[in-house]
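Visitor:
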Amino acid sequence: MEINNLSLYYTLECGQTFRWRRTSDCSYFGIVEENAFIIRQHGNIFEITSTESDVEEWARRYFALDIDLNNILLEIDRDEHIHKAIKSCRGLHILRQEAWETLASYILSANNNIPNIKRMVENLSQRLGERREIEGYSGFTFPSPSAILKNKDIVNKCRLGFRCDYLIKAAEMIREERIELVKISRLSYEECREELMKIMGVGGKIADCVALFSFGMYEAFPVDVWIRRIIRNLYFSNNKVSNREIRHFAMRYFGRYCGYAQEYLYCHYRLNKPEGITSQTVEQAQGI
DNA sequence: GTCCAGGAGTGAT
DNA sequence: ATCACTCATGGA
Numbered sequence: 058m059e060i061n062n063l064s065l066y067y068t069l070e071c072g073q074t075f076r077w078r079r080t081s082d083c084s085y086f087g088i089v090e091e092n093a094f095i096i097r098q099h100g101n102i103f104e105i106t107s108t109e110s111d112v113e114e115w116a117r118r119y120f121a122l123d124i125d126l127n128n129i130l131l132e133i134d135r136d137e138h139i140h141k142a143i144k145s146c147r148g149l150h151i152l153r154q155e156a157w158e159t160l161a162s163y164i165l166s167a168n169n170n171i172p173n174i175k176r177m178v179e180n181l182s183q184r185l186g187e188r189r190e191i192e193g194y195s196g197f198t199f200p201s202p203s204a205i206l207k208n209k210d211i212v213n214k215c216r217l218g219f220r221c222d223y224l225i226k227a228a229e230m231i232r233e234e235r236i237e238l239v240k241i242s243r244l245s246y247e248e249c250r251e252e253l254m255k256i257m258g259v260g261g262k263i264a265d266c267v268a269l270f271s272f273g274m275y276e277a278f279p280v281d282v283w284i285r286r287i288i289r290n291l292y293f294s295n296n297k298v299s300n301r302e303i304r305h306f307a308m309r310y311f312g313r314y315c316g317y318a319q320e321y322l323y324c325h326y327r328l329n330k331p332e333g334i335t336s337q338t339v340e341q342a343q344g345i
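Per my numbering, residue 58 is the first one in the first sequence, and the count goes up by one each step.
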């Protein structure tokens, strides 16, 4: 299918999802909900192979192709810093990911790094998810709350550290319907954030990640150590400033699509200056 | 051995 | 409200 202005590299490797693997020929293999996918990009032509029947409909939803990305980027393009990030991460879309997996993954992200988060998510999936295969690649679905609760002993062996209890308590809240993610997704952003923060192990940052990366609430601005550094450096002359102040500043400064500003800044400052990824690799992965 | 990683809970002030 | 401390794990 033809999709304009979508970069698989920036979209799948900017850190919003932990479930995609770049293959040797720079296509991507991943499991999303119940299905396995392989996506190949040649410029603006995307070849999607999947166990899912309607891949075009899936892609429209998952990559949020209904949004007007150019208009969003125009609105957040406030100065030369963000302008540079927008230009360098061309084609980065914020995904609409499944809510439970997103919540669980970001609970595991606390005081953790991306390779280790990926390892933990993969560990859980291998042990408690269902196997899916496509074109010789295989992976596992992310375990449901009930699958996790039926196998707490196995969860305890997944090396989740202090986050293990948080994950199990969150799964209990979901199963007991004390938290209903579908309902929460329909609330206003502020109410949504408040509800998510009732979950043990979910503070403001993780609530914002779920709101942004699952519910498409672009007014959310998650503040992690990297975005904190970036904002402090670019807009506060490295002066002392709290995470709350950073968040309020960014929401006011970038406006209703500040979540996109957050992701472009994060991606630009992390992914475009990576160790181990040469610019050549980047270009290959971009499908140039 | 030390420091850091897409933080959050707890308790003291 | 804001601080300091702690939490388990793996990599540099």
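All C-beta atoms in this analysis are idealised placements derived from N, C-alpha and C, irrespective of residue type, glycine included. The structure displayed is predicted, hence computed values, not measured ones.
From this set, 247, 194, 260 and 190, which residue's C-alpha is nearest residue 223's C-alpha?
Guide: Reading the first sequence from its first residue, position 166 is the one you call residue 223. Residue 223 has its Cα closest to that of 260, out of 247, 194, 260 and 190.
Visitor: Output the boundary residues of the beta strand (DSSP E) element that contains residue 106.
Guide: Within the first sequence, numbered from 1, the residue matching residue 106 stands at position 49. Counting along the chain, the beta strand (DSSP E) containing residue 106 begins and ends at 102-107.
Visitor: Quick one: grab the DSSP three-state call for residue 284.
Guide: Within the first sequence, numbered from 1, the residue matching residue 284 stands at position 227. Residue 284 falls in the helix class under three-state DSSP.
Visitor: Could you check whether the stretch 144-164 touches the stretch 247-265, counting it as contact only if at least three pairs of C-beta atoms, one from each stretch, sit closer than 8 Å?
Guide: As far as the Cβ criterion goes, the stretch 144-164 touches the stretch 247-265, which means the pair count is three or higher.
Visitor: Name, in chain order, the residues that DSSP records as bridge partners for residue 99.
Guide: In the first sequence, counting from the first residue as 1, residue 99 sits at position 42. Residue 99 pairs with 102.
Visitor: Among residues of its own chain, excluding the 5 on either side of residue 149, which ones have a beta-carbon nearer than 7 Å to its beta-carbon?
Guide: Along the first sequence, read from residue 1 onward, the residue named residue 149 stands at position 92. Here the set comprises 64, 67, 68, 71, 320, 321 and 324.
Visitor: Secondary structure at residue 256, three-state DSSP: helix, strand or coil?
Guide: Residue numbering aside, residue 256 sits at position 199 when the first sequence is read from its first letter. Residue 256 falls in the coil class under three-state DSSP.
Visitor: Tell me the residue span of the alpha helix (DSSP H) that contains residue 70.
Guide: Mapped onto the first sequence, residue 70 falls at position 13. It spans 65-70 - the alpha helix (DSSP H) in which residue 70 sits, taken as one unbroken run.
Visitor: Suppose the cutoff is 8 Å on Cβ atoms and the five residues either side in sequence are ignored; what does the same chain contact list for residue 139 look like?
Guide: Your numbering for residue 139 matches position 82 in the first sequence. Excluding residues within five positions, the ones whose Cβ falls inside 8 Å are 133, 311, 318, 321 and 322.
Visitor: Just list the residues that DSSP pairs residue 311 with in beta bridges.
Guide: Position 254 of the first sequence, counting from 1, holds the residue named residue 311. The partner list for residue 311 (beta bridge, DSSP) is empty, contrary to what the question assumes.
Visitor: By alpha-carbon positions, which one of 291, 173 and 188 ends up nearest to residue 92?
Guide: Within the first sequence, residue 92 is the residue found at index 35, counting from 1. Comparing Cα positions, the closest option is 188.
Visitor: Where do the N-terminal and C-terminal ends of the beta strand (DSSP E) with residue 75 fall, by residue?
Guide: Taking the first sequence and counting its residues from 1, the one referred to as residue 75 is at position 18. Segment: none, residue 75 is in no beta strand (DSSP E) and carries neither H nor E.
Visitor: Roughly how many whole angstroms lie between the Cα atoms of residue 185 and residue 177?
Guide: If you number the first sequence from 1, residue 185 lands on position 128. If you number the first sequence from 1, residue 177 lands on position 120. Near 12 Å, if we compare the C-alpha coordinates of residue 177 and residue 185.
Visitor: Just curious, the beta strand (DSSP E) that residue 195 is in, first and last residue?
Guide: Translated into the one-based positions of the first sequence, residue 195 becomes position 138. 194-197 is the extent of the beta strand (DSSP E) around residue 195.
Visitor: Are the CB atoms of residue 217 and residue 156 nearer to each other than 8 Å?
Guide: Taking the first sequence and counting its residues from 1, the one referred to as residue 217 is at position 160. Taking the first sequence and counting its residues from 1, the one referred to as residue 156 is at position 99. Not closer than 8 Å, so no.
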